[in-house]
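Enquirer: Numbering (the numbering used here), first residue to last: 301 to 1193. By construction, the Cβ of each residue, glycine as well, lies at the ideal position given by its N, Cα and C atoms. Questions regarding the structure given below will be posed in turn.
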């Protein structure tokens, strides 16, 4: 039998993201109000001050989507429904997306791949759902984990009987270093990710248990809720019995007094179930209901072979997976959430990954520093150290970043090497460069050489004005893998080959953590052997190579200083608003609530059940409305509820209900069956029975300034791909073309179609002025349109991409949109609001699909047919150079 292989091009998490993005409005409408508030609070579109980064928020969205919309299923169950377009995925498209983000038709080849993956997923299923969230180092997995736990506890507090939500959380760390970093869950300011009105609920209920010492006892109350237990695996995992039990131990149990339970960290041997013992901590955890398991740095915890350990039921009896399985057999586990830095194992994507944000994207989008790896071949240790330190000092010496001095980590393979060779050699190199020797910090894990003051300084490396901040050259031995977060680390030097190849990857990536709002670049110094190892590990764990980190062309972005060009450009537009006048009207005729015509399906709850997984049997649908907690009204209390809402007389409401065409009893029965009918049907009908609402459109002329001078600065700062930037110094532009545009000296476009649209307008003789306004979306100008966002239910600002004036004196507001976005509800809402303002102002509003811009002359209708236009001449000069792969996506041949 041939060995089953994963497809390197297929990633189910991409399919989930595609489906979620396409159906985001429908999905979020199903959530309860608390969940919506929690998501909106962390969504920068709804809350510009939201704390979470985009990858963290996207992961949170998928976390909630799987729990509340998908009902907390196993990944293989979701996957099977998706590939067969059934249940929640019944309206999924026939498109699939590969891990590079490219869309393709769901064809026979894709079906064959999905069959293989489904068998693999099903083979390694656990009794509980198992999810992997893969966010690369530096994106804030600990904060994401804390946010997810806070969300769980808030929902569990409101819906205590709902089995979807975790009432307790057990957080696992791989070692002491990461365990210390997890203290951030305890110290983290909850109001950054939790709406302030709910933080008191968490503060009043959460009990933290941090198992820092080996002999720590858990003081949880049996069957209690809202405990967060943070531990490394050695303090929870079951152990092998090392000696025969004494009669007293048999009678009274092992308890926490048995030294053999806590002694030793040997996790390599295996045994049968008869020789396993568990400790007090394990037993206490088993008595906590609705447990959520959170595994930090899962790639480390489950061993070198993550794919095997994270899913294999043949894993070592000492593995964390086996301990979690034993917990599942003794208490209720909602799910196991694994957080790791990569979705790949040997270039293959783990099927249980439900969200991933990779190293490459993190660097390109500015969430991490860029890096410049430098390899040295055929040089001696001291030579390598000398050139590495000299290069580092030339690049970073004398600089500060957010008040922090740049640091360089120098790795030694052994303590003796660090103390006897690296330290004296480094002192000599620093002396030659005129750098004080007290900038060196030695941290080798041996109290003989590393004192308490050294540890304190090591912990204060990122604390401005501290002694730790003055330490710039850090000598380490087997340190700085997971859990060591030093944002001011700008250099890593690793010459000797370590025992572990993955250590090269883990250690060198430490210097990528972001510092300042500007894009920074770190430097990695390696021997040629370690350089090759790093390249291989990047390829294996992130499906990329060193060249992709070093590349400065294409997608990686550069910073641009954008200056406002005088004189200020203005346009007079109509400011429009609606006034609503509420007029009372007498009650003259009975109300018809049309109770018989209500579509009850949108209020019903169903259970879908299959009698056998092994047999091809149909899935059964069962109504489970009985699980809903509906408030029961009487005519009296229903009248009071409606009167309170509308602020009208209870007696009047009672009369309206008694005299309605449907009959009060039918209305009461419908509302008691589904409380939502009260808000959806009854209250609106009564409102319009008693009131007339008249809308009046108001307008006034207002002079709009396209771009204002920045406050307290001489320029604005933008980050953009170099290939999408055009300035007024562009050599292919004529003086006339420059005069008709550039209210800022530099335009930073978001896409090729935007840039193409600008060039077509700029080079058209029928266009007298054109300005790119879509980049100034932070209150830098007055050209915006207020619109109602149907997703969030809020009034927002929309900034059109371009403003153009034609030779006949008319103006155009122009928007460029991808073809797949044209039917989006938000895009339609923006267009409707913009058209209303444009019509009132005598301005034409145009929205161009990207494919139309890329495949045609969009202004041909304005131009004379005779002769060649300037746009064609411009293209003949070869100025717009497009990569084949980029143009393909817009339909060009």
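List the residues that DSSP assigns as beta-bridge partners of residue 672.
Expert: Its beta-bridge partners are 823.
Enquirer: Please work out which residues of its chain come closer than 7 Å, Cβ to Cβ, to residue 1119, disregarding the five sequence neighbours upstream and downstream, and give them in chain order.
Expert: These residues qualify, in order along the chain: 1149, 1150, 1151.
Enquirer: DSSP on residue 508, reduced to helix/strand/coil?
Expert: Residue state, collapsed to three classes: strand.
Enquirer: Expressed to the nearest angstrom, what Euclidean distance is found between the alpha-carbon atoms of residue 422 and residue 634?
Expert: Roughly 19 Å between the two C-alpha positions.
Enquirer: Beta-carbon within less than 7 Å of residue 1094's beta-carbon, same chain only, minus the 5 sequence neighbours each way: which residues are those?
Expert: Around residue 1094: 346.
Enquirer: Does residue 261 pass the burial test, meaning 16 or more other C-beta atoms within 10 Å, or should it be called exposed?
Expert: The first residue shown for the chain is 301 and the last is 1193, placing residue 261 beyond what the model contains.
Enquirer: Any heavy atom of the ligand GTP inside 8 Å of the beta-carbon of residue 1103?
Expert: Because no ligand of any kind appears in the structure shown, any question about the ligand GTP cannot be addressed here.
Enquirer: According to the Cβ coordinates, are residue 640 and residue 591 closer than 9 Å?
Expert: Going by C-beta atoms, residue 640 is not nearer than 9 Å to residue 591.
Enquirer: Using a Cβ-Cβ cutoff of less than 6 Å, which residues in the same chain neighbour residue 313 once the five nearest sequence positions on both sides are dropped?
Expert: Only 653, 654, 655, 656 meet the Cβ criterion.
Enquirer: Mind pulling the beta strand (DSSP E) runs of 3 or more residues that sit fully within the stretch 723-765?
Expert: Within the stretch 723-765, the complete beta strand (DSSP E) runs of at least 3 residues are 740-743.
Enquirer: Please classify residue 494: does DSSP put it in a helix, a strand, or coil?
Expert: Residue 494: coil per DSSP, three-state reduction.
Enquirer: Please report how far the alpha carbon of residue 367 lies from the alpha carbon of residue 497, in whole angstroms.
Expert: Their backbone Cα atoms lie some 23 Å apart in a straight line.
Enquirer: Exposed or buried, which one is residue 333 when buried takes at least 16 other CB atoms within 10 Å?
Expert: Classification for residue 333: exposed.
Enquirer: Go ahead and label residue 1054 buried or exposed: buried means 16 or more other beta carbons lie within 10 angstroms of its beta carbon, across all protein chains shown.
Expert: It is buried - the Cβ of residue 1054 has at least 16 other Cβ atoms within 10 Å.
Enquirer: For residue 473, report the span of its beta strand (DSSP E) as first-last.
Expert: Where residue 473 is concerned, the enclosing beta strand (DSSP E) stretches over 468-473.
Enquirer: Which one of 435, 934, 730, 776 has the shortest CA to CA distance from residue 644?
Expert: That would be 435, whose Cα lies nearest to the Cα of residue 644.
Enquirer: Please report how far the alpha carbon of residue 438 lies from the alpha carbon of residue 668, in whole angstroms.
Expert: For residue 438 and residue 668, the distance between alpha carbons rounds to 7 Å.
Enquirer: Pick from 734, 989, 863, 509: whose alpha carbon is nearest that of residue 470?
Expert: Residue 509 is the option with its Cα nearest to residue 470.
Enquirer: On a Cα-Cα basis, can you pick out the residue from 763, 685, 748 that is closest to residue 726?
Expert: If we check each option's Cα against that of residue 726, 685 comes out closest.
Enquirer: Roughly how far, in whole angstroms, is the beta-carbon of residue 802 from the beta-carbon of residue 830, given that I think they are within contact range, below 8 Å?
Expert: Contact flag wrong, Cβ pair sits at about 12 Å.
Enquirer: What distance in whole Å lies between the Cβ atoms of residue 338 and residue 451, which are believed to be in contact at a cut-off of 8 Å?
Expert: Between residue 338 and residue 451 the Cβ distance is about 6 Å, and since that is below 8 Å, they are a contact.
Enquirer: Could you tell me the alpha carbon to alpha carbon distance between residue 895 and residue 445, rounded to whole angstroms?
Expert: Residue 895 and residue 445: Cα-Cα distance of roughly 46 Å.
Enquirer: What are the start and end residues of each continuous alpha helix (DSSP H) run of 4 or more residues lying completely inside the stretch 1077-1149, in chain order?
Expert: Counting only runs of 4 or more, we get 1125-1141.
Enquirer: Where does residue 1018 fall in DSSP's three states?
Expert: The answer is strand: DSSP assigns residue 1018 an E or B state.
Enquirer: Using the Cα positions of residue 717 and residue 774, report the straight-line distance between them to the nearest angstrom.
Expert: Residue 717 and residue 774: Cα-Cα distance of roughly 14 Å.
Enquirer: Determine the contact status of residue 689 and residue 729, defining contact as a CB-CB distance below 9 Å.
Expert: In this structure, residue 729 lies closer than 9 Å to residue 689 by Cβ.
Enquirer: Label residue 808 either buried or exposed according to how many other C-beta atoms from any shown protein chain fall within 10 Å of its C-beta, with 16 as the threshold for buried.
Expert: Label assigned to residue 808: buried.
Enquirer: In the DSSP output, which residue or residues are listed as bridge partners for residue 884?
Expert: DSSP output for residue 884 lists 991 as bridge partner(s).
Enquirer: What does the alpha-carbon distance come out to for the pair residue 752 and residue 759?
Expert: Computed Cα separation, rounded: 11 Å.
Enquirer: Express the C-alpha separation of residue 1067 and residue 342 in angstroms, rounding to a whole number.
Expert: Approximately 43 Å between the Cα atoms of the pair.
Enquirer: Which residues in the same chain have their Cβ closer than 7 Å to the Cβ of residue 971, if we skip the five residues on either side of it in sequence?
Expert: Excluding positions up to five away in sequence, the list reads 933, 938, 977, 978, 982.
Enquirer: Could you spell out the range, first to last residue, of the alpha helix (DSSP H) harbouring residue 452?
Expert: Looking at the DSSP string, the run of the alpha helix (DSSP H) that includes residue 452 is 441-458.
Enquirer: What does the alpha-carbon distance come out to for the pair residue 696 and residue 789?
Expert: Using only the alpha carbons, I get a separation of about 11 Å.
Enquirer: Just reading off the alpha helix (DSSP H) that residue 719 is part of, what are its end residues?
Expert: Looking at the DSSP string, residue 719 is not in any alpha helix (DSSP H), and its letter there is neither H nor E.
Enquirer: Within 10 Å of its beta-carbon, does residue 1115 have 16 or more other beta-carbons around it, so buried, or fewer, so exposed?
Expert: Residue 1115 is buried by the Cβ-count criterion.
Enquirer: Do the CB positions of residue 959 and residue 891 come within less than 9 Å of each other?
Expert: Taking 9 Å as the Cβ cut-off, residue 959 and residue 891 qualify as a contacting pair.
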